[in-house]
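**Student:** Got a structure here, written out as structure tokens. Questions coming.
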Amino acid sequence: MKHDIYKLADQYHLTGSDQQLLQAVLEAVEQHAQYSVRVFAAQNYVSPAAVIRLSKKLGYTGYTDMIYQLGFLVRNEDRNKAHTSDINSFIGEIPTEQIEAFLDGLTRNRQRTILVAGTGFSEPLRDFFVRKLLVMGYPTVGTNSYEVYETNSLKAGLMIVISKSGSTDTILKLVTDAKSHGIEIAAFTGAANSPIARNADLSFILLDDNILDDRNLTANYFYARVLILFEYLMEKSLDRSEAVAGEGATSG
């Protein structure tokens, strides 16, 4: 598994070679490999001195200390992943075809603008979706502006919409306008037979704990489920991208 070491690379001013070597160290730790510094260096076509230099650069006393400390980090990561299986157990109820369809939509529109819409309690989720998609390399804009959807001025290919009720008038208008321009629509909603769900090409229907609580006065985990599902989808998107990159490297 390739680890995201962007922050470490920035914090410790790691060169491209340093980053490749650190990825190799993390892979060795993940596989519980017990290599001496000389064996590890030989396997990665570098000198033992280069490995030790990296460990010092990261603030460790040496190779052994680096392996020991990074082992803790990797084990904590594994434990955290085990805990998430309880949190996202509801995802198992979502058909695999729906998940694959969403990922296919992202792939088709990687070079086109992705629009994200949501209002009220859904607005913070909209902003999170936008930030996450941007970090993942997707050109994304979060907006509820009628003009953007009426004219498709941004030449969008995909719209992601969040609406608990699935019938918010302002959001429904955006959906119908987007549909008129042939924009693909993926909806996260709590109502299967809602106008937004019916107009969407793909709908993730998530449990709304209190359907009659329009003002969200009582505890409702709908929004948490949306966030968890979206993070899961982003993880699958990243896995797919890494698999494609790996195939390209192998064929090359």
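Our numbering puts the first residue of the sequence shown at 21, with every later residue one more than the last.
Even for Gly, the Cβ is constructed at its ideal location relative to N, Cα and C.
Bear in mind that the values here come from a model prediction, so they are computed numbers and not experimental data.
1) For the alpha helix (DSSP H) that contains S183, what are its first and last residues?
2) Hey, could you find the ends of the beta strand (DSSP E) L36 is sitting in?
3) Under the assumption that L226 contacts R245 (Cβ atoms under 8 Å), give the Cβ distance between them as a whole number of angstroms.
4) For T190, which of helix, strand or coil comes out of DSSP?
5) With DSSP collapsed to three states, give me the class of V150.
6) Where does I225 fall in DSSP's three states?
7) So the candidates are Q39, E50, V45; which of them puts its Cα closest to the Cα of V57?
8) May I have the straight-line CA-CA distance separating V136 from L154, to the nearest angstrom?
9) Between which two residues does the alpha helix (DSSP H) harbouring T171 extend?
10) Take I111 as the anchor and find which of A206, S183, L249, Y32 has the nearest alpha-carbon.
11) When the Cα atoms are used, what is the spatial distance from M179 to D24?
12) In this structure, does DSSP put T163 in helix, strand or coil?
**Tutor:** Considering the structure as presented:
1) Segment 176 to 183 is the beta strand (DSSP E) holding S183; no alpha helix (DSSP H) there.
2) One point to set straight first is that residue 36 is Gly, not Leu, in the sequence displayed. Where G36 is concerned, there is no enclosing beta strand (DSSP E), although the alpha helix (DSSP H) it sits in stretches over 36 to 50.
3) 4 Å
4) helix
5) helix
6) strand
7) V45
8) 12 Å
9) 166 to 171
10) L249
11) 28 Å
12) coil
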